[in-house]
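The block underneath contains the structure these notes are about, expressed in structure tokens.
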Amino acid sequence: MVWEELRFQALLRHADDRLVLGHRLSEWCGHGPTLEEDIALSNVALDLLGQAKVIFEQSIKTDLKKRSVDDLIYFREIRGYRNVILVEQPNGDFACTILRQYFFDVFNRLWLNSLQSSIDKDLSSFARSALKEAIYHERHTKSWVVRLGDGTKESNERIQEAVSVFYPLSYEFFAQDEIDQKVFSKGLLPNTACFENVWKEEVALTLLEATLQFPKRTSTQMLRGREGRHTEHLDRILSEMQSLARAHPGASW
Amino acid sequence: MTSGKVVDSLWEVFLQEKNNSGHVHVGSLRASGSEEALQAARDVYARRGSPISIWVVLSESIVASTPADAPSFFDPKDAKSFRYPNYYKVPRTLKDA
Numbered sequence: 709m710v711w712e713e714l715r716f717q718a719l720l721r722h723a724d725d726r727l728v729l730g731h732r733l734s735e736w737c738g739h740g741p742t743l744e745e746d747i748a749l750s751n752v753a754l755d756l757l758g759q760a761k762v763i764f765e766q767s768i769k770t771d772l773k774k775r776s777v778d779d780l781i782y783f784r785e786i787r788g789y790r791n792v793i794l795v796e797q798p799n800g801d802f803a804c805t806i807l808r809q810y811f812f813d814v815f816n817r818l819w820l821n822s823l824q825s826s827i828d829k830d831l832s833s834f835a836r837s838a839l840k841e842a843i844y845h846e847r848h849t850k851s852w853v854v855r856l857g858d859g860t861k862e863s864n865e866r867i868q869e870a871v872s873v874f875y876p877l878s879y880e881f882f883a884q885d886e887i888d889q890k891v892f893s894k895g896l897l898p899n900t901a902c903f904e905n906v907w908k909e910e911v912a913l914t915l916l917e918a919t920l921q922f923p924k925r926t927s928t929q930m931l932r933g934r935e936g937r938h939t940e941h942l943d944r945i946l947s948e949m950q951s952l953a954r955a956h957p958g959a960s961w
Numbered sequence: 003m004t005s006g007k008v009v010d011s012l013w014e015v016f017l018q019e020k021n022n023s024g025h026v027h028v029g030s031l032r033a034s035g036s037e038e039a040l041q042a043a044r045d046v047y048a049r050r051g052s053p054i055s056i057w058v059v060l061s062e063s064i065v066a067s068t069p070a071d072a073p074s075f076f077d078p079k080d081a082k083s084f085r086y087p088n089y090y091k092v093p094r095t096l097k098d099a
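Chains as they are written, first to last, in my numbering: chain A, 709 to 961; chain B, 3 to 99.
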């Protein structure tokens with residue numbers, strides 16, 4: 709694979725993570741448990757879409773097929789999507805959404821922190837500004853994880869269930885293939901292996917504070933979101949997200 | 003929106019803007035504790051403009067005057083123009099200085 713394609717593919721993964729998770733969170737708009745939380749979740753959704761936009765714009769600089777950001781979002785088939793499986797999971801209840809978001813927020817903060825030293829000036833300056841909002845996202849979801857875990861019997865049970873479902877999906881953040889390793893070695897994107905243990909330790913401390921049990925080692929499921937192998941949940945997101953643009957190609961609003 | 007069994011407290015939110023000396027009341031919100039109130043204030047009121055500081059105060063901590071207090075609290079000043087600086091003539095010597 710030539711460098712341009714490697715760079716494009718590597719950035720696409722991180723743009724897709726944020727696009728899909730941002731879209732998922734936006735489904736809460738108007739349905740939040742309180743007015744305040746509804747606005748809080750919508751803010752995070754907007755922030756993630758904003759981060760996705762910047763990463764898509766950077767990625768297409770080296771897209772050999774010369775696609776636009778809209779082409780990538782609205783006209784890519786599901787097999788072309790490169791997000792991790794965790795972010796396409798359904799919102800479930802509020803505890804599920806919060807736990808999924810907390811896992812991503814810790815990863816995002818660590819990733820953006822390292823991205824500040826990218827050799828690419830545009831990416832490093834993006835990381836500096838996005839890191840500020842990512843720190844807040846984590847503060848918000850972490851405090852919810854603790855409140856729900858160390859809350860009522862019901863809230864504890866619900867978020868405990870979310871931990872056991874989502875924790876096994878989280879290792880895909882740190883899975884690496886040839887594409888990742890080449891962009892790490894060039895200093896374009898952070899080597900996620902460098903902060904995998906930090907992620908695990910910080911998450912473990914939060915679960916402890918939230919009086920939540922660490923999930924037992926479950927069977928090591930093969931997760932292949934980075935190769936375009938998704939669950940049917942992404943299919944539903946894409947059919948909703950892409951239908952308008954596909955029905956009216958070139959429309960603007 | 004569904005209402006939970008636990009009723010969150012009402013909080014008043016004050017923002018300090020850049021180039022503005024004091025915290026100004028911008029609205030209220032419901033939250034279960036001080037950290038939650040601060041976060042909600044950030045999310046609901048601080049996404050626009052250029053705030054540099056937030057105060058959140060339990061609404062029940064605020065002691066307010068009532069409309070019945072108004073005549074005795076505020077009206078007497080109407081007949082007392084000597085309370086305002088423009089009532090006084092500035093001496094020529096000061097004006098020139």
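Think of the CB as a built atom: it goes at the ideal place given N, C-alpha and C, for glycine as much as any other residue. Values in this document were obtained by computation on a predicted structure and should not be read as measured data.
Alpha-carbon spacing of R944 (chain A) relative to F812 (chain A), whole angstroms: Looking at the backbone, the Cα of R944 (chain A) and that of F812 (chain A) are separated by about 21 Å.
Three-state class that DSSP yields for S67 (chain B) in the structure shown: Under the three-state reduction of DSSP, S67 (chain B) is assigned to coil, being neither helix nor strand.
Secondary structure of H27 (chain B), DSSP reduced to three states: Looking at H27 (chain B) - three-state DSSP - the assignment turns out to be strand.
First and last residue of the uninterrupted beta strand (DSSP E) at E62 (chain B): First-last for E62 (chain B): undefined, no H or E at that position.
Which listed residue (A:A842, A:G740, A:N905 and A:D778) has its alpha carbon closest to that of S951 (chain A): In terms of Cα proximity to S951 (chain A), the closest of A:A842, A:G740, A:N905 and A:D778 is A:D778.
CA-to-CA distance, P898 (chain A) to E904 (chain A), given in whole angstroms: Near 11 Å, if we compare the C-alpha coordinates of P898 (chain A) and E904 (chain A).
Assigned secondary structure, W13 (chain B) (DSSP; H/G/I helix, E/B strand, else coil): Of the three classes helix, strand and coil, the one that applies to W13 (chain B) here is strand, per DSSP.
Contact with chain B by S863 (chain A), beta-carbon distance below 8 Å: No, its Cβ sits nowhere closer than 8 Å to a Cβ of chain B.
Contact list for E101 (chain B) against chain A, beta-carbon separation under 7 Å: A query on residue 101 (chain B) cannot be resolved here, the shown segment of chain B reaching from 3 to 99 and no further.
CA nearest to the CA of F815 (chain A), picked from A:V792, A:H938 and A:S833: If we check each option's Cα against that of F815 (chain A), A:V792 comes out closest.
S55 (chain B) beta carbon less than 8 Å from that of H25 (chain B): At a Cβ-Cβ threshold of 8 Å, H25 (chain B) and S55 (chain B) count as neighbours.
Given R836 (chain A) as reference, the closest of A:E846, A:S825 and A:Y844 once Cα atoms are compared: Measuring from the Cα of R836 (chain A), the nearest candidate turns out to be A:S825.
Under 8 Å between C-beta atoms of L794 (chain A) and R808 (chain A): Cβ distance < 8 Å, so L794 (chain A) and R808 (chain A) count as in contact.
E735 (chain A) beta carbon less than 8 Å from that of N799 (chain A): One thing to note: N799 (chain A) has its Cβ within 8 Å of the Cβ of E735 (chain A).
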